[in-house]
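Engineer: Pasting a structure here, questions to come.
Residue numbers (this note's numbering): 45 to 242.
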């Protein structure tokens with residue numbers, strides 16, 4: 045009798061554990077960690093870009109001394125980024141996330157203006173140091189795009205889990221502190237079709 049009772053109890057516990065592991069109880073923390081890891085990669089790539097900027101500016105400065113306004117804009121945009129303290133709740137704080145995104149967009153815009161200026165200096169475009177830095181910057185921009193895409197995918201998965209069944213129930217029962225994470229938005233300028241003039 046005792047053996048039968050123990051076997052039934054073990055069977056019940058095994059079934060209960062199997063049901064719990066298959067019902068998505070761990071999805072919220074798993075997806076949260078994946079989104080946080082993807083965010084770390086985004087920050088890593090933005091830092092890589094910020095580290096390249098001083099070398100790029102110094103190289104251009106030697107050739108384009110009278111383009112000081114553009115160079116200053118790049119340096120100031122980079123400075124705003126490196127001096128920014130990223131709050132711990134940035135992924136769930138819309139204002140902080142938007143501010144971070146805007147500062148990164150400002151640096152991207154300043155770098156674009158710098159590369160337009162470079163077109164006016166054929167000797168700079170032929171400089172090996174500049175070509176190497178430009179190539180690294182282009183590679184970094186591509187890495188940023190990939191890291192952002194991975195982050196967007198992870199946040200979509202996490203946010204969907206919080207808003208759908210059974211994740212919604214697990215959030216109420218076990219993960220009440222889980223919050224929807226912020227995602228990147230395209231700037232308004234990207235919403236408009238470019239004007240083509242011939």
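Note that the Cβ used here is the ideal one computed from N, Cα and C, for glycine as well.
Source: prediction; values computed, not measured.
Could you tell me the distance, in whole angstroms, from the CA atom of residue 149 to the CA atom of residue 114?
Structural biologist: Their backbone Cα atoms lie some 15 Å apart in a straight line.
Engineer: Residues in the same chain with beta-carbon distance under 7 Å from residue 132, minus the five sequence neighbours each way, listed in chain order, please.
Structural biologist: There are no such residues.
Engineer: Once you ignore the five residues that flank residue 185 on each side, which residues in its own chain have a CB closer than 6 Å to its CB?
Structural biologist: Contacts found: none.
Engineer: Measuring CA to CA, which of 193, 202, 95, 167 is closest to residue 151?
Structural biologist: For the residues 193, 202, 95, 167, the minimum Cα distance to residue 151 belongs to 95.
Engineer: Would you report the Cα separation of residue 55 and residue 68, rounded to the nearest angstrom?
Structural biologist: Cα-Cα distance, rounded: 21 Å.
Engineer: Give the straight-line distance between the Cα atoms of residue 59 and residue 127, rounded to the nearest whole angstrom.
Structural biologist: Taking the straight line from one Cα to the other gives about 54 Å.
Engineer: Assuming residue 100 contacts residue 175 (C-beta within less than 8 Å), just tell me the rounded distance between them.
Structural biologist: With 8 Å as the limit, residue 100 and residue 175 do not qualify as a contact, their Cβ atoms being about 11 Å apart.
Engineer: For residue 183, count neighbouring Cβ atoms within 10 angstroms of its own Cβ and tell me buried if that reaches 16, exposed if not.
Structural biologist: Looking at its Cβ environment, which holds fewer than 16 other Cβ atoms inside 10 Å, residue 183 is exposed.
Engineer: Mark residue 112 as exposed unless 16 or more other C-beta atoms lie within 10 angstroms of its C-beta, in which case mark it buried.
Structural biologist: Classification of residue 112: exposed, given that the 10 Å Cβ count is below 16.
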